[in-house]
Each structure stands twice: as C-alpha cells, then as structure tokens.
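Here is the structure we will look at.
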C-alpha cells in the first residue's frame, strides 16, 4: 500500500515539475537493484566492472 503512495507522489512530482526524463533513470536503477538482490551480488560483479 505504501508503495502505491510513493508511486503516486512520484507521478505528481513528474507532472508538476515536467521532469519526465528522470523516469528512465529511476527504472534502470530499480532494475539493477532488483537484479543485485536476486543474484546476491556475486553474479553482477562483471557487469559492475564493465560499467565503471
């Protein structure tokens, strides 16, 4: 339930401030975090090394 409130507040911020370009950045970060949590971090190390 709290996640829906956060998403609603985020959508209000984006529409009010006209900052829709932030959405892809947030989505990519969210996917990376979920991937890191799912693989417990060890399988992501080669990906992290290539990015940075």
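Residue numbers (this note's numbering): 202 to 253.
Even glycine gets a Cβ: it sits at the ideal position worked out from N, Cα and C.
Quantities reported herein were computed from a predicted structural model and do not represent experimental measurements.
Suppose you measure from the CA of residue i to the CA of residue j; what does that come to, to the nearest Å?
| i | j | result |
| --- | --- | --- |
| residue 208 | residue 240 | 25 Å |
| residue 231 | residue 217 | 22 Å |
| residue 252 | residue 238 | 18 Å |
Would you please state the rounded distance, in angstroms, between the beta carbons of residue i and residue j? I believe it to be under 8 Å.
| i | j | result |
| --- | --- | --- |
| residue 223 | residue 215 | 7 Å |
Taking residue i as the reference, give the member of the options with the closest Cα.
| i | options | result |
| --- | --- | --- |
| residue 227 | 252, 212 and 248 | 212 |
Once you ignore the five residues that flank residue i on each side, which residues in its own chain have a CB closer than 8 Å to its CB?
| i | result |
| --- | --- |
| residue 246 | none |
| residue 220 | 214 |
Does residue i come within less than 7 Å of chain E when only Cβ atoms are used?
| i | result |
| --- | --- |
| residue 209 | No chain E appears in the structure shown, which is made up of a single protein chain. |
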